[in-house]
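2 protein chains.
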Amino acid sequence: MQEALSHIKQDKHQRILRIQSAALKAIHDYLYRQGVVQAMPIILSPATDPLNHPHFEAKVEYYGQKLHLTKSMILHKQLSLLNDGIDKIYFMSPNVRLEEGKLRESGRHLFEFTQVDIELKEKTKKEFFTLIDGMIAHVFRFVIDECSDDLKALDRKLSVPRLPLKVYESDELRKKHGEHFERVVSEKAKDPFWITNFRREFYDREDKERRGYFHNYDVIWPEGYGEALSGGEREWEHDEIVRKMKERQTDIRAYETYLEVAEKGLIPRTVGGGLGIERMVRFLSGQRHIRDVTLFPRVPGERIVF
Amino acid sequence: MQEALSHIKQDKHQRILRIQSAALKAIHDYLYRQGVVQAMPIILSPATDPLNHPHFEAKVEYYGQKLHLTKSMILHKQLSLLNDGIDKIYFMSPNVRLEEGKLRESGRHLFEFTQVDIELKEKTKKEFFTLIDGMIAHVFRFVIDECSDDLKALDRKLSVPRLPLKVYESDELRKKHGEHFERVVSEKAKDPFWITNFRREFYDREDKERRGYFHNYDVIWPEGYGEALSGGEREWEHDEIVRKMKERQTDIRAYETYLEVAEKGLIPRTVGGGLGIERMVRFLSGQRHIRDVTLFPRVPGERIVF
Chain A
946 MQEALSHIKQ DKHQRILRIQ SAALKAIHDY LYRQGVVQAM PIILSPATDP LNHPHFEAKV
1006 EYYGQKLHLT KSMILHKQLS LLNDGIDKIY FMSPNVRLEE GKLRESGRHL FEFTQVDIEL
1066 KEKTKKEFFT LIDGMIAHVF RFVIDECSDD LKALDRKLSV PRLPLKVYES DELRKKHGEH
1126 FERVVSEKAK DPFWITNFRR EFYDREDKER RGYFHNYDVI WPEGYGEALS GGEREWEHDE
1186 IVRKMKERQT DIRAYETYLE VAEKGLIPRT VGGGLGIERM VRFLSGQRHI RDVTLFPRVP
1246 GERIVF
Chain B
946 MQEALSHIKQ DKHQRILRIQ SAALKAIHDY LYRQGVVQAM PIILSPATDP LNHPHFEAKV
1006 EYYGQKLHLT KSMILHKQLS LLNDGIDKIY FMSPNVRLEE GKLRESGRHL FEFTQVDIEL
1066 KEKTKKEFFT LIDGMIAHVF RFVIDECSDD LKALDRKLSV PRLPLKVYES DELRKKHGEH
1126 FERVVSEKAK DPFWITNFRR EFYDREDKER RGYFHNYDVI WPEGYGEALS GGEREWEHDE
1186 IVRKMKERQT DIRAYETYLE VAEKGLIPRT VGGGLGIERM VRFLSGQRHI RDVTLFPRVP
1246 GERIVF
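Order-wise, the sequence lines are chains A and B.
Going by the working numbering, the first residue of the first sequence is number 946, and it counts up by one from there.
Going by the working numbering, the first residue of the second sequence is number 946, and it counts up by one from there.
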């Protein structure tokens, strides 16, 4: 307990919280001005993001129904945009991902965290890039303006990135830097940047003319801070979704209702992504381990005190 | 499933979401200007609010530890303010409260919802009232300015309440209107108002000179919409906390760590409260049932489709 108390009492928290508050305000201001409406997050659902890596399941039972804790709101984001009057939506969405304990020392994993999770209807990845580029630049500008004393006290220098942020293809980076290209390029970079085309969850759109090419992407923080945002254009056709679920050995029964909606042709064509708040604050405030940007750390495999 | 799809597709959602987005922006703007820092919500903890009414428990296990889904962040709010540099804090905090199915028709219960949960150190309830009065007035002003078309389309008339909001004592209202005074006064009122002094959870401060008098309060929406905010000055002394836990038959073992902190005299003197977002949006947009302000309703006892 003493350790948990000392953690909370650290002097730097007030500075990090002011930086976080400014960054959050900048995000809300920007998205509001862009006409992206904010819906409230959901914690329990019959089906959530399957995720494409090993982790433990988290569910509770309520009136005989098994409900999963949200790993991401991807399915709900798509369903929201099925409303004809809603074209742009975002959620401040806590995600619970019971990760394996070996991720403890990565410095950037928490088993619960919040993402600002955005989805746009009938838009392309290029349009999404433009929206996010503007959001990131606005966050930098606002934090630099509002928190100069805090940044100085934390010995953190930030400069507004030049837009548009650079876009790299994963294949080219892999050829040049090997399997750990993300880390290598993040360490060298001065500004955040995009990488496109990753093989991952079923819902990211695969090119029909060019199998194995995925219209998805990450934003990577520079200076070795790693992943900032993850997203993609989405699959909307029933047969593609089922094919990709099978390829990934996803338990199709868990997605019965979602697949029924897809079969009716109702899943809208969307593009989007989620930006991790704690990872953003870690980068903005220059903290080595993500635990230091939270008062109540939720580090994989660590015992929770409060 | 057809019903859940029809629910999502309702035309009015876009209007309600714009009203919600404006209200949320107004809250963030106001609290930012007041220097209240925003911390990120927690979903899983070893101990959460016990709540003072019947409901089902929700917990998951992770690396051998039982973790409860947050019913409110009251304990975490107190612990945050143990940091010497943090005096005012808020969380946009999803709460999971697995309520009994009989609350289904109340029109204002969801088994998960979000509250803006605020806590101030070394302040009194009067100072908290002033902060919240200002926040509510700012929300009304901003929503009326930004959403006039949407309010009109929903046939909803709002006017900015006169400040300070009225403060009533529960005892006087009970004498005058009987046990259901809250509903009676809410139905008659034109503006939101405060009611003080309720017997409830252990953490709300009971007057030492006047046992049975509690320094806590609710804000009530007018026009019969009922509870908006709930809060209080808090207990901070170990012996008082234990005495009140025993009175309420709270399982003390579940709060061992928290009580250790209290025993060291570390719990700060705070005051605060949480305002329910979905209930606020229900009132602002004039919806009969709270399900209508959510795309994915979580009504007690109802089967969840998405």
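Don't be surprised by glycine CBs; every beta carbon is placed ideally from N, CA and C.
Item                                                                                                                         : Value
Ser-1038(B), enclosing beta strand (DSSP E) - first and last residue                                                         : 1033-1041
Status (buried if at least 16 other CB within 10 Å, exposed otherwise) for Thr-1069(A)                                       : exposed
Between the CA atoms of Val-1244(A) and Tyr-1200(A) - distance to the nearest angstrom                                       : 29 Å
Chain A contact residues for Arg-963(B), given Cβ-Cβ distances below 7 Å                                                     : Val-982
Met-946(B) versus Gln-1023(A) - alpha carbon distance                                                                        : 16 Å
Span of the beta strand (DSSP E) around Ser-1175(B)                                                                          : 1171-1178
Residue(s) in a DSSP beta bridge with Ala-984(B)                                                                             : Phe-1036(B)
Residue-level contact to chain A via CB, Met-1190(B), 9 Å cutoff                                                             : no
Where Val-1129(A) sits in the DSSP three-state scheme                                                                        : helix
Short-range partners of chain B found in the stretch 999-1018 of chain A, where Cβ spacing is below 8 Å                      : Phe-1001, Ala-1003, Lys-1004, Val-1005, Tyr-1007, Tyr-1008, Gln-1010, Leu-1012 and Leu-1014
Nearest candidate by alpha-carbon position, reference Ser-1115(B), set Glu-1132(B), Lys-1102(B), Asp-1136(B) and Ile-1140(B) : Ile-1140(B)
Lys-1133(B) beta carbon less than 9 Å from that of Glu-1185(B)                                                               : no
Identified DSSP bridge partners for Asp-1062(B)                                                                              : Phe-1036(B) and Gly-1219(B)
Contact with chain B by Pro-986(A), beta-carbon distance below 9 Å                                                           : yes
Local conformation of Ser-1017(B) per DSSP, three classes                                                                    : coil
Opposing strand residues paired with Trp-1139(A) [DSSP bridges]                                                              : Val-1112(A) and Val-1164(A)
Chain A contact for Phe-1058(B) (CB, 9 Å cutoff)                                                                             : yes
Beta-carbon spacing of Val-1005(B), Tyr-1035(B) below 9 Å                                                                    : no
Length of the line joining the Cα atoms of Gln-983(B) and Ile-1222(B)                                                        : 16 Å
Start and end residues, alpha helix (DSSP H) containing Val-1005(B)                                                          : Note, Val-1005(B): premise wrong, no alpha helix (DSSP H); beta strand (DSSP E) at 1004-1007.
Interface partners of Asp-1237(A) on chain E, CB under 9 Å                                                                   : Absent from the structure: chain E. Protein chains present are A and B.
Cβ contact (3+ pairs, closer than 8 Å) linking the stretch 954-970 of chain A and the stretch 970-983 of chain B             : yes
Interface partners of Gly-1246(B) on chain A, CB under 7 Å                                                                   : Tyr-1008
Proximity test, Cβ basis, 9 Å: His-1021(A) and chain B                                                                       : yes
Local conformation of Gln-1010(A) per DSSP, three classes                                                                    : strand
Distance between Lys-1111(A) and Trp-1166(A) (C-alpha atoms, nearest Å)                                                      : 12 Å
Any C-beta of chain B under 9 Å from that of Lys-954(A)                                                                      : yes
Distance, Lys-1011(A) Cα to Pro-1106(A) Cα                                                                                   : 45 Å
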